[in-house]
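Here the numbering used here runs 442 ahead of the position in the sequence shown, where the first position is 1.
Each remark here refers to the structure printed beneath this line.
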Amino acid sequence: MIPKPSFDHIFMNLATDLALRSHCVKAQVGAVLTKDTRIISIGYNGPPAGTHNCDEEWPETGCARDSKGSCSLALHAEQNAILYAVKNGSSLEGATLYITLSPCLPCARLIYSSGIKKVFFLNSYAEFKGLSFDEGVDFLNRFGVNAVKYAG
């Protein structure tokens, strides 16, 4: 008998696959929101639907950078997943988020405020950005959202 993969494994694999849908030329990030082993919403990073596709309009450089060196157009993967869930009337209270890159501080505040209670992340935002620590992860854990690196 073949062992069944865990839901954590399935959802993180889906987040990894969703990241491949991103049009960002700098980073591809995917997110899956779940509740009671059911998918509530999915997302990946990129500009709002109907605006731009950075890899098509600026394939060499990507879109313009903001004052902190981040994309000036994109929504983060977790923002897209949360916004889509809310737009469709889903409650996020007690939900779990699977994401391929740990949340930045602004996204961590959104995650906390939306009622998500657990976050699994694959890679470190701090390492990606060259920062000394993951302030978004620290914020979440400080205020009762269990944010942990996915161990597979």
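Glycine residues also receive a C-beta, built at the ideal position from the N, C-alpha and C atoms.
Only a predicted model underlies this, so the values are computations on that prediction, with no experimental measurement involved.
Other residues of its chain near A506: CB distance less than 6 Å, five sequence neighbours each side excluded: S514
DSSP state of N487 mapped onto helix, strand, coil: coil
Cα-Cα separation, P548 to A457: 20 Å
R463 - DSSP class collapsed to helix/strand/coil: coil
Residue nearest to M454 in terms of C-alpha spacing, selected from A516, L543, I553: L543
Proximity test, L462 beta-carbon vs the ligand FMN heavy atom, cut-off 7 Å: With respect to the ligand FMN, the structure shown offers nothing to examine, as it has no ligands at all.
Opening and closing residue of the alpha helix (DSSP H) in which G472 lies: Unbroken run through G472 is the beta strand (DSSP E), 472-477; no alpha helix (DSSP H).
Ranges of the beta strand (DSSP E) found wholly within the stretch 554-592, counting only runs of at least 3: 560-565, 588-591
Beta strand (DSSP E) segments (min. 3 residues) lying fully within the stretch 495-557: 538-543
At least three beta-carbon pairs within less than 8 Å, the stretch 578-586 to the stretch 475-488: no
Alpha carbon of I553 to alpha carbon of K446, nearest angstrom: Near 30 Å, if we compare the C-alpha coordinates of K446 and I553.
Proximity below 8 Å, CB of N588 to CB of K571: Not a contact, by the Cβ cut-off of 8 Å.
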